[in-house]
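In our numbering, the protein residues as written are 212 to 834.
No residue lacks a Cβ here, since even glycine has one placed at the ideal position from N, Cα and C.
Quick notes on the structure that follows.
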Amino acid sequence: MLTVVIVIATSCKDDDISVTGVKIDITTLSLTAPSTGSLVATVMPEDATNKAVTWTTGDPNIATVSSDGQVTAVGEGITTITVTTEDGKKSAICAVFVNLPNIPVTGITLNEDELTFDASVISNQQTLTANVVPKEATNQGIRWVSSDTDVAIVINGEVTAISQGTATITAITMDGDFELSCIVTVNDIYIPVSGVELNKSTLLLLMSDTETLQATVFPTNASNQRVSWSSSNTGIATVDANGKITAGTVEGLTIITVTSEDGNFTQTCTVVVYPQIGVIIPDPVSPVNCGDPNVVCLNIGQSLTSAITDNPGKIIYLPSGYTFTWSPPVTFVMPEGGIHIIGEFVYQSPTLGDLNPPRPRITVTSATMFSTVGRTSGNDVIRFENVDIISTNANGFLTNATTGAWNLKELSFENCIISGFAQSLVRSNNATQVYDLVQFNKCLIHNVSHAASSPNPVIQSNGARSMKEIRITNTTVNAASNTFIDIVGGAGAAGAENVLVENVTFYRTVGQQGTNRWLINAGNNGPVNITINNCILGSIRGVGGVRRERGITMHESGTLIVENTYATTDWTTVEEHIPNTIPYSGNCAALFVDPENGNFRIKDLTFLGRDKVGDPRWWYFFY
């Protein structure tokens, strides 16, 4: 029997002893560059098989370490030296503190030995700069001392003047007490600028006009009052060193800025330059032909009523400066063909007070300028152009048809100032007193319908269709105390067929007198067509008591069109409001330059309607 023995042989080696840790003989090491120090690492256990280690530094700019633990100081600071075992990557650290060698201070420098504070110094502070010597000295500390803190103080070299006098500012080194001094003389205390203001924030100029702005520097006793001026668009307007603005020949907007030399504080004025457009100025000597047989040219002092009576149907021309008092016992009969009076054109503003040189003026002292005159042909006209008509009668009418028949083709006023009439400007009492056309264009209607008791509306038609067309255009209405247009009519019809109110500026209208006042009262007797375009509705004249400020009332079958018309916050109708008006965010004082004194130029340059709505003469103020 064969037996096979299989022998499995194994080979054995003694087990290695693994590393369990490592330590450094010291945990901190202080050195002064460029000295060295040694670190010793102990690997545990002592009989560990592999005792190999590596050394590393956390920042070689502070300290380096060799493969045997030799540490060399390089630069000032703190870092760590780490030892790591090859077996098991066990590690230990030592914190190394490196100081630089002390370099003693040997002296000090100072950039100034004298400082002066006076009005030419635009500050109450100046800076002194001190440096230790040598610049590599270990201790760079410097302390500052003032010999008189009532005159000047010093913090880190910053010298601040306190009051007039003299003080010594000294810089002293912390190491070695080396010192240098500067003599500080305070002659004047500087008063800094806190701001600058202009006397105007907006300015409207015609082309080539000039105006000077006034700048005030605050406080008014500031040491430096000097300012500079600039224009954002010199093609529109320039400004010189004294704030004088000269408008150019280009329409547009520019920003004038004043800047204080001290502090660079600024203030601006928005300047708008407008052209002189929109006016055709007649011949300044003779806008009409005095040689024309249909023209009668009066001289100053001649009677107007006599000229009208003696020259029926002719144009009566009045020169600049002509005045006439229309008063009792003047009796007047309408001549055939009517009345056509033209005054010499005078370039002036639309304000009541701007009458130099004066346009021809008629002062009405009688209760009525025109009343029933028995003319019924329907071909007669009453026209006034470039003539101011002023009433001084406490109960006066401009035209008042009360009895009898009166049929006028036209009653019109062009470029006139009409003021002071305490009652109506135009009044028809019944259907036999007919005006085909009532028109006011480029007029100022001022202080009317203000009688102490029972004033009539400004325009009043009590007869059915007694006023066919009413047109108020390119006009300013300032202070009308009762209803502006009253066309109640009668006998199943309104007092007018069509009413156009376009490009009109209203201020202090519809108020104060009576108990019920409207802008337009068309009643309920029949339909009427009313159009209101491009108007500004300003302040209601008065409120209180039983008075009720109303907008528009009319027959339901009539038509009312209101377009591009703005209402200020002080247009406060309480009943029958005007529809489709555009609210303006402010009151009249915010919109107009000086409404209380009759200046309705638009001062709010952000107003979208500033060159589109209201009396156009205020857009470019060419009168």
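Assuming Ser-229 contacts Ala-263 under a Cβ cut-off of 8 Å, what Cβ separation, rounded to an integer in Å, is found between them?
-> Here Ser-229 is actually not in contact with Ala-263; their C-beta atoms are around 13 Å apart, not less than 8 Å.
Quick one, are the C-beta atoms of Ala-284 and Val-254 less than 8 Å apart?
-> Going by C-beta atoms, Ala-284 is not nearer than 8 Å to Val-254.
Where does His-551 land, buried or exposed, given buried means 16+ other C-beta within 10 angstroms?
-> With at least 16 other beta carbons inside 10 angstroms of its own, His-551 counts as buried.
Does the Cβ-Cβ distance between Asp-826 and Thr-687 come in under 8 Å?
-> Against a cut-off of 8 Å, the Cβ pair of Thr-687 and Asp-826 comes out as a contact.
Proximity winner among Tyr-777, Val-649, Ile-731, Ser-665, relative to Thr-716 (alpha-carbon distances) | Of the residues Tyr-777, Val-649, Ile-731, Ser-665, the one whose Cα lies closest to the Cα of Thr-716 is Tyr-777.
Could you round the C-beta distance between Asp-324 and Cys-393 to whole angstroms and report it? I think they count as a contact, below 8 Å.
-> About 5 Å; that satisfies the 8 Å criterion.
Check whether the Cβ atoms of Cys-654 and Ile-629 sit closer than 8 Å, and answer yes or no.
-> Yes. Within cutoff.
Euclidean distance between Cα positions of Ile-914 and Pro-794 | In the structure as shown, the chain starts at 212 and stops at 834, and residue 914 therefore has no counterpart that could be examined.
Which residues bound the beta strand (DSSP E) around Thr-534?
-> Looking at the DSSP string, the run of the beta strand (DSSP E) that includes Thr-534 is 534-537.
On the DSSP bridge assignment, give the partners of His-788 in chain order.
-> None, per the DSSP bridge assignment.
Rounded separation between Ala-578 and Val-659 - CA only = Cα to Cα, Ala-578 sits roughly 14 Å from Val-659.
Grouping DSSP H, G and I as helix and E and B as strand, with all else coil, what is Arg-719?
-> DSSP places Arg-719 in strand when its eight states are reduced to three.
Taking Asp-329 as part of the alpha helix (DSSP H), name the residues at either end of that continuous run.
-> Here Asp-329 belongs to no alpha helix (DSSP H), and DSSP marks it neither H nor E.
Name the DSSP bridge partner or partners of Lys-234?
-> Per DSSP, the beta-bridge partners of Lys-234 are Thr-253.
Leu-619 and Asp-647 look like a contact to me (Cβ under 8 Å); what is the Cβ gap, rounded to whole Å?
-> In this structure Leu-619 touches Asp-647 by the C-beta definition: roughly 7 Å separates them, less than 8 Å.
For Thr-779, which beta-bridge partners are listed by DSSP?
-> Partner(s): none; Thr-779 has no beta bridge.
C-alpha gap between Leu-636 and Val-575, whole angstroms = As the crow flies, the alpha-carbon of Leu-636 is around 12 Å from that of Val-575.
Going along the chain, which residues of its own chain have a beta-carbon closer than 8 Å to the beta-carbon of Ala-274, five neighbours each way excluded?
-> Counting only residues of its own chain and dropping the five nearest sequence neighbours on each side, Ala-274 has a CB closer than 8 Å to the CB of Leu-242, Thr-268, Val-282, Thr-283, Ala-284, Val-285, Thr-290, Ile-292, Val-307, Val-309.
In angstroms, rounded to a whole number, what distance separates the CA positions of Ala-433 and Arg-828?
-> Going by the C-alpha atoms only, they are around 44 Å apart.
Is Ile-696 helix, strand or coil by DSSP?
-> Strand at Ile-696.
Which residues mark the beginning and the end of the alpha helix (DSSP H) in which Thr-516 is found?
-> That run of the alpha helix (DSSP H) goes 515-521.
Proximity of Ala-612 and Ser-588 at Cβ, strictly below 8 Å | Not closer than 8 Å, so no.
Hey, Ala-662 and Ala-605 are a contact pair by Cβ (cut 8 Å); roughly how many whole angstroms apart?
-> In this structure Ala-662 is in contact with Ala-605, their Cβ atoms being roughly 7 Å apart against a cut-off of 8 Å.
Look up Lys-455 in the DSSP assignment and give the residues it is bridged to.
-> In DSSP, Lys-455 forms a bridge with Thr-423.
With Gly-701 and Asn-735 assumed to form a contact (beta carbons below 8 Å), what rounded beta-carbon distance in angstroms separates them?
-> Rounded, the Cβ-Cβ distance is 11 Å, inconsistent with contact.
Residue nearest to Gly-737 in terms of C-alpha spacing, selected from Asn-744, Gly-532, Thr-770 | Ranking the options by Cα distance to Gly-737, first place goes to Thr-770.
Buried or exposed: Gln-336, going by 16 or more other Cβ atoms within 10 Å of its Cβ?
-> Under this definition Gln-336 is an exposed residue.
What's the C-alpha gap between Ala-378 and Gly-406?
-> Taking the straight line from one Cα to the other gives about 32 Å.
Between which two residues does the alpha helix (DSSP H) containing Ala-801 stretch?
-> Per DSSP, the continuous alpha helix (DSSP H) segment holding Ala-801 begins and ends at 799-802.
Per-residue DSSP class, three states only, for Arg-570 = Residue state, collapsed to three classes: coil.
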